[in-house]
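S.K.: Residue numbers (this note's numbering), protein chains in the order written: chain A, 1 to 118; chain B, 1001 to 1115. The structure is given below, and queries will be raised subsequently.
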């Protein structure tokens, strides 16, 4: 299957700082990328959907000014947590989906990024 | 709106026992996809299966089998002869067949297989 990477795999930052998480599709072009958040011992919740070259679509309750998403190319989407607070500590997982020709609309998940805000 | 329910929060079995993880879903779509993922302690999601809603044939892959019952909106997952390495959280998920196709996940079932 296709490979999706995330960087960093874990990060610790201080309250008030910003953190950028990268999601890359390594061997296919991802027309759509999804960002999910998972709190400890909970399920994955969709935060936003990004399409290459256009603005992200955020789910209800997700602050778009706090979680900035940029899908600048067909292989890279970034999630920036701005002015992070301890309650933003979570496991962030991206997934990437190509078009029918490149990936049969399959969705491939990255390994996740564990964010801890102190 | 879509919804996936995994009523079993945690299951503990002894190695070699069979175990079934339940999944019930709700959707207004006539066609859709159903998925099962495994999440070991490392956190990385491991894809297990994707099933089209119009394909109700049960599937078997090694010790894993899936029972899709459209009439009861269920997509249950059975592990035969469980092993310690099967210990993980298992998520059932649902997506639309067309359009955005974001996944809606169930709350997960934590499976503990004791030696």
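All C-beta atoms in this analysis are idealised placements derived from N, C-alpha and C, irrespective of residue type, glycine included. Keep in mind it's a predicted model, so treat the numbers as computed, not measured.
Measure the C-alpha to C-alpha separation of residue 1112/B and residue 1062/B and round it to an integer number of angstroms.
M.R.: Position 112 of the second chain, counted from the start, is the residue given in the question as residue 1112/B. Position 62 of the second chain, counted from the start, is the residue given in the question as residue 1062/B. Answer to the nearest angstrom: the Cα atoms are 20 Å apart.
S.K.: Does any residue of chain B have a CB that is nearer than 9 Å to the CB of residue 107/A?
M.R.: Within the first chain, numbered from 1, the residue matching residue 107/A stands at position 107. So yes, residue 107/A belongs to the interface.
S.K.: Which residues in the same chain have their Cβ closer than 8 Å to the Cβ of residue 15/A, if we skip the five residues on either side of it in sequence?
M.R.: As a working mapping, residue 15/A is identified with position 15 in the first chain. Within the same chain, residue 15/A has close Cβ partners 84, 85, 86, 117, 118.
S.K.: What residues in its chain sit with their C-beta under 6 Å from that of residue 24/A, if we drop five residues either side in the sequence?
M.R.: Locating residue 24/A in the first chain gives position 24, where the first residue counts as 1. Hits under 6 Å: 5, 75, 76.
S.K.: Distance cutoff 9 Å, beta carbons only. Does residue 1027/B sit that close to anything in chain A?
M.R.: To locate residue 1027/B, count along the second chain from 1; it is residue 27. For residue 1027/B, the answer is no, since every Cβ of chain A falls outside 9 Å of its Cβ.
S.K.: Apart from the five residues just before and just after residue 1024/B, which ones in its own chain have a Cβ nearer than 7 Å to its Cβ?
M.R.: Counting from one through the second chain, the residue named residue 1024/B turns up at place 24. 1005, 1073, 1074, listed in sequence order.
S.K.: Are there any heavy atoms of the ligand HEM lying less than 8 Å away from the beta-carbon of residue 13/A, as far as the coordinates show?
M.R.: Looking for the ligand HEM in the displayed structure turns up nothing, as the structure carries no ligands at all.
S.K.: For residue 70/A, report the span of its beta strand (DSSP E) as first-last.
M.R.: In the first chain, counting from the first residue as 1, residue 70/A sits at position 70. Run containing residue 70/A: 67-73, per the beta strand (DSSP E) assignment.
S.K.: Please name the residue in 9/A, 68/A, 56/A, 38/A whose C-alpha comes closest to that of residue 1108/B.
M.R.: For the purposes of this step, residue 1108/B is identified with residue 108 of the second chain, where counting begins at 1. Out of 9/A, 68/A, 56/A, 38/A, 38/A has the C-alpha closest to the C-alpha of residue 1108/B.
S.K.: Quick one: using the 10 Å Cβ neighbour count with 16 as the cut-off for buried, is residue 1020/B buried or exposed?
M.R.: Taking the first residue of the second chain as 1, we reach residue 1020/B at position 20. Exposed, by the Cβ-count rule.
S.K.: For a contact defined as C-beta to C-beta under 9 Å, what are the partners of residue 1059/B on chain A?
M.R.: Locating residue 1059/B in the second chain gives position 59, counting from the first residue. By Cβ distance, chain A contributes nothing, its closest Cβ being about 17 Å from residue 1059/B, past 9 Å.
S.K.: Given this structure, state the Cα-to-Cα distance separating residue 9/A from residue 1101/B, to the nearest angstrom.
M.R.: The residue you call residue 9/A lines up with position 9 of the first chain. The residue you call residue 1101/B lines up with position 101 of the second chain. In a straight line, the C-alpha of residue 9/A is about 25 Å away from that of residue 1101/B.
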